[in-house]
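Worksheet for the structure shown next.
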Amino acid sequence: MSATPARATAPGPVRTRALAVVAAVVADVLIWLIAHSVLDIDLRIPDGPGSTTTSELYLPAVLIGSAVIALLGWGLLALLERVASGRARALWTGIASAVLVLSLFAPVFGAGLTAGNKITLVLLHLTVGAILIPAFRRGPAAA
Numbered sequence: 019m020s021a022t023p024a025r026a027t028a029p030g031p032v033r034t035r036a037l038a039v040v041a042a043v044v045a046d047v048l049i050w051l052i053a054h055s056v057l058d059i060d061l062r063i064p065d066g067p068g069s070t071t072t073s074e075l076y077l078p079a080v081l082i083g084s085a086v087i088a089l090l091g092w093g094l095l096a097l098l099e100r101v102a103s104g105r106a107r108a109l110w111t112g113i114a115s116a117v118l119v120l121s122l123f124a125p126v127f128g129a130g131l132t133a134g135n136k137i138t139l140v141l142l143h144l145t146v147g148a149i150l151i152p153a154f155r156r157g158p159a160a161a
């Protein structure tokens, strides 16, 4: 009787992507906690495009928003992998990058936001993109 050595396998794309979703949400929560609790920044978001009024940014909104965006991105990638398997990750990366850039317009150009607020909001957006884009691109095309 011979024992075959256990083969170390890399985590599959589903596991990698699920961990990336969790990492993005946790990272944004930590950023919010540091900005709000440690740096005492009154985190606010513009009430809408071109609005000069703002609303407070609560932690549950950060948590839910990060999770929803991450899951929507994953869903889009899964759809693209079904309909455009060979080019899915390239298409998704282009779309995700464009969405990330567009998402920065509100915090960068939002009226009524302090510099600390703008920096924190940009950091929240960039963190999600920096975690999800490379992680979602990993693994075989059939996730």
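Just so you know, we're using the numbering used here here: the sequence shown kicks off at 19 and counts up by one.
In this text, a Cβ means the ideal position worked out from N, Cα and C, and glycines have one as well.
Please read these numbers as outputs of a predicted model, since none were measured by experiment.
Distance from the CA of GLU74 to the CA of GLY104, rounded to the nearest whole angstrom, comes to 43 angstroms. Taking 9 angstroms as the cut-off, the Cβ atoms of ILE63 and THR70 do not count as close.
The Cβ atoms of GLY83 and LEU118 do not sit closer than 9 angstroms to each other.
Beyond the five residues adjoining it in sequence on each side, LEU139 comes within less than 6 angstroms, by CB distance, of PRO125 in the same chain, given in chain order.
Counting only runs of at least 3 residues, the segment 46–128 fully encloses the following beta strand (DSSP E) elements, listed from N- to C-terminal order: 62–64 and 72–74. If you look at GLY147, you'll find it in the alpha helix (DSSP H) that goes 133–155. Residue environment: LEU48 is assigned as exposed (fewer than 16 neighbouring CB atoms within 10 Å of its CB, all protein chains considered). No Cβ-Cβ contact shorter than 9 angstroms links ALA88 with ALA129.
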